């Protein structure tokens, strides 16, 4: 294994492709970085052992979370295994497949060191068995530096407030720390910093600091493409806000905060007369880039559906007000594969020529895709889209509550089943990705423009609904 220089790991994002026999020392940063088994996601080769030491800066600990895990299962993990170790604790040996009862897979727990170092050892001894059988792809993990929590130990989940009593009649609330970079800490107005507990309220009944979701900063960065080129398969963590919906068919959506999904109204109340009046259950799936994995994980329960009052399902050629919000029954736990998107606050993000991304589980090359795909498309001039529609003699209304993207000669990569997904652009002033649009309607799935609900026009309504005021 060739170990990258330390300077490389000072970049915001890094990817380690571990080799077969050597060891590496990596620097954990506040933003997560990828760590994989050799050759991942291709099956790993038997007959190797690799050790990786991860160091955090002074005053920080190392957090490690497995996003994908697929090793040969065995009793006591005596064959293929991943061992996570840190000073002052017993090593944890892992094997098997994520979600399986065989072996000892890591599940969703976070491994947090007591000190500033953590060691991961990947062990795959040589085997006399047929190498073409029992192939396993290894693991994908994310590591990062987190604030030191003296109460935490390896394999302990973090981020939830703990209650303690310093006297019988004056309870206080203590927050260990928020799991960066998926949450940020919002402090109460009156707090004191004490040696015993750095985040402790000073008055009875005061709330402790809260962990607020961080939006628009995926752990797997998106490349800034300049031209459309059809659709591509998304990597885990690239579009962590992506939702798969199932109501009258396959649709999309985008996570807002940790309890809301932004989507299109027409996937809740379709325009066609066949579906009109039929009440269907609303299913939302989150956190994975493969449809099979989403279905295995099961739907996230939905508490209520709120459709914008301007939407008119009986007007088949007018998609004005094509926006809806789905409130989940309970907040979801954020992580590398599940993060919210941000909302726009500037008209400049709709400038013609600005390239955005649209992702979804819709039709690709004539069939429903088994995995998440994405396309990059430029925001188009309104005049060009209007002229294109008139040239096709289309009856659809193209109102000011919509915008268009793509090019009349480029493949748009957006099709049936992608409706409700977000059109996202990078906001350089805020340094995060924002959902400027919602996939609404189009003319076929080939070349030409697609039309999107303009989220900025509905920002007040979104914020009012999420605040319980609408």
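Numbering (full-length UniProt numbering), first residue to last: 1 to 470.
Just so it is clear, CB atoms sit at the ideal spot from N, CA and C, and this is done for glycine as well.
Everything numeric in this text was worked out from a predicted model, so none of it was measured.
Three-state secondary structure (DSSP) of residue i
| i | result |
| --- | --- |
| residue 452 | strand |
| residue 54 | strand |
| residue 64 | strand |
| residue 181 | coil |
| residue 390 | helix |
| residue 350 | helix |
| residue 268 | coil |
| residue 415 | coil |
| residue 318 | coil |
| residue 324 | strand |
| residue 383 | helix |
| residue 70 | strand |
| residue 307 | strand |
| residue 374 | strand |
| residue 89 | coil |
| residue 81 | strand |
| residue 123 | strand |
| residue 145 | strand |
| residue 541 | Since the first residue of the chain shown is 1 and the last is 470, residue 541 is not available in this structure. |
| residue 469 | coil |
| residue 398 | coil |
| residue 357 | strand |
| residue 111 | strand |
Euclidean distance between Cα positions of residue i and residue j
| i | j | result |
| --- | --- | --- |
| residue 264 | residue 76 | 49 Å |
| residue 216 | residue 283 | 24 Å |
| residue 69 | residue 82 | 10 Å |
| residue 311 | residue 323 | 8 Å |
| residue 461 | residue 367 | 36 Å |
| residue 305 | residue 39 | 43 Å |
| residue 446 | residue 409 | 9 Å |
| residue 295 | residue 391 | 42 Å |
| residue 24 | residue 145 | 17 Å |
| residue 80 | residue 236 | 24 Å |
| residue 30 | residue 315 | 50 Å |
| residue 87 | residue 307 | 53 Å |
| residue 212 | residue 382 | 37 Å |
| residue 33 | residue 370 | 27 Å |
| residue 184 | residue 248 | 37 Å |
| residue 430 | residue 78 | 49 Å |
| residue 244 | residue 250 | 7 Å |
| residue 111 | residue 58 | 18 Å |
| residue 352 | residue 218 | 25 Å |
| residue 398 | residue 348 | 20 Å |
| residue 246 | residue 90 | 44 Å |
| residue 465 | residue 280 | 22 Å |
Distance CB(residue i)-CB(residue j) smaller than 9 Å
| i | j | result |
| --- | --- | --- |
| residue 319 | residue 433 | no |
| residue 468 | residue 414 | no |
| residue 114 | residue 28 | no |
| residue 285 | residue 359 | no |
| residue 389 | residue 355 | no |
| residue 438 | residue 234 | no |
| residue 103 | residue 71 | yes |
| residue 419 | residue 267 | yes |
| residue 404 | residue 379 | yes |
| residue 142 | residue 64 | yes |
| residue 454 | residue 394 | no |
| residue 328 | residue 260 | yes |
Enclosing beta strand (DSSP E) for residue i [first to last residue]
| i | result |
| --- | --- |
| residue 465 | Looking at the DSSP string, residue 465 is not in any beta strand (DSSP E); the run it does join, the alpha helix (DSSP H), is 459 to 466. |
| residue 243 | 242 to 246 |
| residue 74 | From DSSP, residue 74 is part of no beta strand (DSSP E); its letter is neither H nor E. |
| residue 252 | 250 to 256 |
| residue 441 | 432 to 442 |
| residue 34 | 33 to 36 |
| residue 263 | 260 to 263 |
8 Å contact criterion, which residue i and residue j should meet: CB distance rounded
| i | j | result |
| --- | --- | --- |
| residue 326 | residue 302 | 5 Å |
| residue 257 | residue 340 | 5 Å |
| residue 123 | residue 49 | 5 Å |
| residue 84 | residue 120 | 6 Å |
| residue 350 | residue 436 | 6 Å |
| residue 252 | residue 423 | Not really, about 11 Å apart at Cβ, beyond 8 Å. |
| residue 421 | residue 412 | With a Cβ gap of about 13 Å, residue 421 and residue 412 do not count as contacting. |
| residue 138 | residue 289 | Not quite, the Cβ-Cβ distance comes to about 17 Å (not below 8 Å), so this is no contact. |
Unbroken alpha helix (DSSP H) run spanning residue i, endpoints
| i | result |
| --- | --- |
| residue 293 | 291 to 297 |
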